[in-house]
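A short worksheet on the structure shown next.
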């Protein structure tokens, strides 16, 4: 048992740890007392070779002590043919010095005397091989005997004459195992892979990471990544060098600069400076570029519009209803785009933002289109009108021509998507203190004697409380919702003295 | 709005005033862990609305014994309805049709309940839009949160952080450089970053919450950190300022309401 104990790890190490459905164990099955003949004498060859090597090494050391050198160049080819592959590898790995020859067991000039199996056993039992240097060789002998072939049983005789019979048993492994066990198996597999590939990539804290596939980033994407966090080209190059230079898959600085110049010339990315602020040169091109990008990556989502009868577009047996004047009918599959502006930030700038709603996270900063940044101390009507005038032709062209989606032209539903105060400022509305504070209906703020006629016609903000209905709501909001119509209407609305009369005319 | 009504209630019964406002803001600070923003008119911004809604029972409990039972019942009911409404209002997903119908009913019931229970409450245009026009928009476009302005607000923060890094003699030039960088950054969208990053499964519901009493993640079980007196005094000062401002506002609001009501009574006589 003592001789066979070191062989178990060696036996198990030859089994795949991750995929093996069974586990091999060697268990004693039978114990007998008596003389057992040596069944397998094949170990004698190995023992003889090892004995010969030991003898040759002793002779070599003796000659070396006497100042003699052995020219092994002539003997090496002959010896190499007899030498096992493992020994050849060890001889190649060793440095070619004279001292190394003292530890090379191969140079033999005459075939060694092969002891019989009986002689070797007697010598072993007599204690001739109990030295420390003999232990690895004895272990190899035991492995060669015990691990050879697919023998179902192994017999082993102890010094006291007791004979034990070991049998190979296969026990099935669990199909389901817990996370910790899975992690151990994965780590063992990674160690094996790292050992097989000849190198291992060791990170800090002792963790071993497998070598991953190189990143596949287009140069345009790399330009975008560099531009997003305002990283300098020098910083990017340091990262590139740290990740292996050309092998990292990252573009060189010259390639990156050329791609950046090329991208900056696209109409959807050009920026113009006007007295009102910095604006995108072509809003329509930027939106078309974003929509095409979503189509290429198969990320464009359909956002059907229901009509007021809660019937999704395209599924109605009824004729399509045009929900809002100036917008595509609900049966049309359009692309929804919001355009918003807001003043904010410490330095006081008005930002204009466009969003394509037909995507997964339309409000994510990475998915929005910054249309303009206008330094301004206030966001009143005149200033906002000057800012929006830059983009109005583009908005008109968007609404007229639509955008291309997979080779098909689609209409655009443009929605104003900013807060109440900004909406009021854009259209020149007085806001919450106006007589008709709501942008979507004609309800008055509160009832008064001066506006009895208006109250009777459109109601007040609170008039629906009596009946839980809203009789005063008119489709005024349909005009407010869409920018082109509202701009034309609100220019007149803004400069009309009697707003109530103007509202009555336009609505 | 609901929180403002919580302050109006005590005044109606003349049992609380500025002290209650201070007690309320201290409660919100210590229990709910929210505080008013300095530059937004003393309002709670961001996710504080949802945080206060999740802890509305704390606010309701603080009103017990201070207002009439009718007001308290109406107030609690308004909170429960609002907690349903806000989830539909701010979720950036397509809302099912039945939830849209419930949203329409809830908004109408909530605004009506508030107006009838707290008659001094004025119907602002936003409240009017919430009740009358938001359900229509939701039924037509399927969502309200998708069309929000969160991207625009995030743009303000990003501009404030990054624009100073761009060289430029004037603000306009820096803005132009910022816009050029943002335009180029669109080439690497969110999907590019997610392409090679490892995927993580979402944790189980409630897995990250400390459910045991002795859990060390609970605030009461954590070791007490030394508190600087200056940092203690500053929030107290801010709370007093907030309470004073709120008390002044409700005095103006309710005073105007009572004056108008008395005027109408006098006119009828």
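Residue numbers (our numbering), protein chains in the order written: chain R, 48 to 554; chain V, 798 to 1066. Backbone N, C-alpha and C define an ideal beta-carbon position, used for all residues, glycine too. Source: prediction; values computed, not measured.
Chain R places a beta carbon closer than 7 Å to that of residue 957 of chain V, counting this residue as a contact.
In this chain, the beta strand (DSSP E) harbouring residue 389 of chain R covers 382 to 391. The beta carbons of residue 937 of chain V and residue 352 of chain R sit about 6 Å from each other, so the pair counts as a contact at 8 Å. Looking from the CA of residue 376 of chain R, the closest CA among R:274, R:399, R:457 belongs to R:457.
If you look at residue 326 of chain R, you'll find it isn't in any alpha helix (DSSP H); it sits in the beta strand (DSSP E) that goes 324 to 327.
Collapsing the DSSP output to three states places residue 944 of chain V in a helix. If only complete runs of 4 or more residues are kept, the segment 179 to 226 of chain R shows the alpha helix (DSSP H) at 182 to 193, in order along the chain.
Think of a sphere of 7 Å around the beta carbon of residue 921 of chain V: the chain R residues whose beta carbon falls inside it are 479, in chain order. Boundaries for residue 1004 of chain V: no beta strand (DSSP E) harbours it, and the DSSP string shows neither H nor E there. At a Cβ-Cβ threshold of 7 Å, residue 972 of chain V and residue 420 of chain R count as neighbours. At a Cβ-Cβ threshold of 7 Å, residue 309 of chain R and residue 985 of chain V do not count as neighbours. Residue 1058 of chain V counts as exposed, since fewer than 16 other C-beta atoms from the protein chains shown sit within 10 angstroms of its C-beta.
Residue 298 of chain R is outside the set of residues whose beta carbon lies under 7 Å from a beta carbon in chain V. For the segment 970 to 995 of chain V, residues whose beta-carbon sits nearer than 7 Å to a beta-carbon of chain R comprise 972, 973, 975, 976, 977, 978, 979, 980, 981, 982, 983, 984, 985, 986, 987, 988, 989, 993. Distance between residue 333 of chain R and residue 1040 of chain V, taken at the CA atoms: about 48 Å.
Within chain R, the residues placing a beta-carbon under 8 Å from that of residue 889 of chain V are 408, 409, 410, ordered along the chain. Counting along the chain, residue 1058 of chain V sits inside the alpha helix (DSSP H) bounded by residues 1026 to 1065. At a beta-carbon threshold of 8 Å, the residues of chain V lying near residue 414 of chain R are 948, 986, 987, ordered along the chain.
For residue 476 of chain R, the closest of R:428, R:439, R:462, R:450 by C-alpha to C-alpha distance is R:428.
By DSSP's assignment, residue 174 of chain R forms no beta bridge with any residue. When the beta-carbon positions are compared, residue 850 of chain V and residue 393 of chain R stay at least 7 Å from each other.
Under DSSP, the beta-bridge partners assigned to residue 456 of chain R are R:451. Judged by beta-carbon spacing, residue 904 of chain V lies within the 7 Å limit of residue 927 of chain V, meaning their Cβ atoms are closer than that value.
About 7 Å separates the beta carbons of residue 969 of chain V and residue 324 of chain R, which is inside the 8 Å limit, making them a contact pair. Membership of residue 430 of chain R in the alpha helix (DSSP H) is indicated by the continuous run 428 to 436. Under a 10 Å Cβ-count criterion, residue 1025 of chain V is classified as exposed, with fewer than 16 other Cβ atoms of the shown protein chains found around its own Cβ.
Secondary structure of residue 477 of chain R (DSSP, three-state): coil. Our two residues, residue 1053 of chain V and residue 932 of chain V, have alpha carbons roughly 31 Å apart in a direct line. It is roughly 11 Å from the alpha-carbon of residue 858 of chain V to the alpha-carbon of residue 821 of chain V. Residue pairing by DSSP puts residue 417 of chain R in a beta bridge opposite R:400. Among the CB atoms of chain R, none fall inside 7 Å of the CB of residue 1025 of chain V. For residue 320 of chain R, the enclosing beta strand (DSSP E) covers residues 318 to 321. As computed with DSSP, residue 461 of chain R is found in a beta bridge with R:384.
Of all residues in the segment 910 to 936 of chain V, the ones placed with a Cβ closer than 7 Å to any Cβ belonging to chain R are 912, 920, 921, 922, 923, 925, 926, 929, 930, 936, in chain order. Rounded to the nearest whole angstrom, the CA to CA distance from residue 881 of chain V to residue 824 of chain V is 23 Å. In this structure, the CA atom of residue 434 of chain R is about 41 Å from the CA atom of residue 895 of chain V.
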